[in-house]
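Here the numbering used here = 1-based position in the sequence shown + 16.
Beta carbons: idealized from backbone N, C-alpha and C, even for Gly.
Before any comments, here is the structure.
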Amino acid sequence: MSSTTQVTFISALKSLSIERYHDVIIDFMFELIKRNPTTIFSSITTTDSSAIADFLNTYKYQVVPMELLSLRLP
């Protein structure tokens, strides 16, 4: 089964604050992951074997506010 996502440019998005833009992206990604997590995570590939470790090391202190996490809990 294949699915495609169509993105349509909306001029109103130009005026979004950076926080709101972040919320839009997070909501979009969350819905994709919720629909089919296996497809999303199994499609992550890299030619650099240390890329994932570097990414995790770079963002190991990244903090996601609890209120954002709680918005996405069932």
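Helix, strand or coil for T61 per DSSP?
Stepping through the sequence shown from its first residue, residue 61 is reached at position 45. Reduced to three states, the DSSP call for T61 is coil.
Just curious, the alpha helix (DSSP H) that S86 is in, first and last residue?
The residue you call residue 86 lines up with position 70 of the sequence shown. Its alpha helix (DSSP H) spans residues M82 to L87.
Roughly how many whole angstroms lie between the Cα atoms of T62 and R51?
Position 46 of the sequence shown, counted from the first residue, corresponds to residue 62. Position 35 of the sequence shown, counted from the first residue, corresponds to residue 51. Taking the straight line joining both Cα atoms gives about 23 Å.
Suppose you measure from the CA of A69 to the CA of S59; what does that come to, to the nearest Å?
On the sequence shown, position 53 is the one that residue 69 refers to. On the sequence shown, position 43 is the one that residue 59 refers to. Cα-Cα distance, rounded: 17 Å.
Verify whether the separation of the beta carbon atoms of I42 and L84 is less than 9 Å.
Reading the sequence shown from its first residue, position 26 is the one you call residue 42. Reading the sequence shown from its first residue, position 68 is the one you call residue 84. For the pair I42 and L84, the CB atoms are nearer than the 9 Å cut-off.
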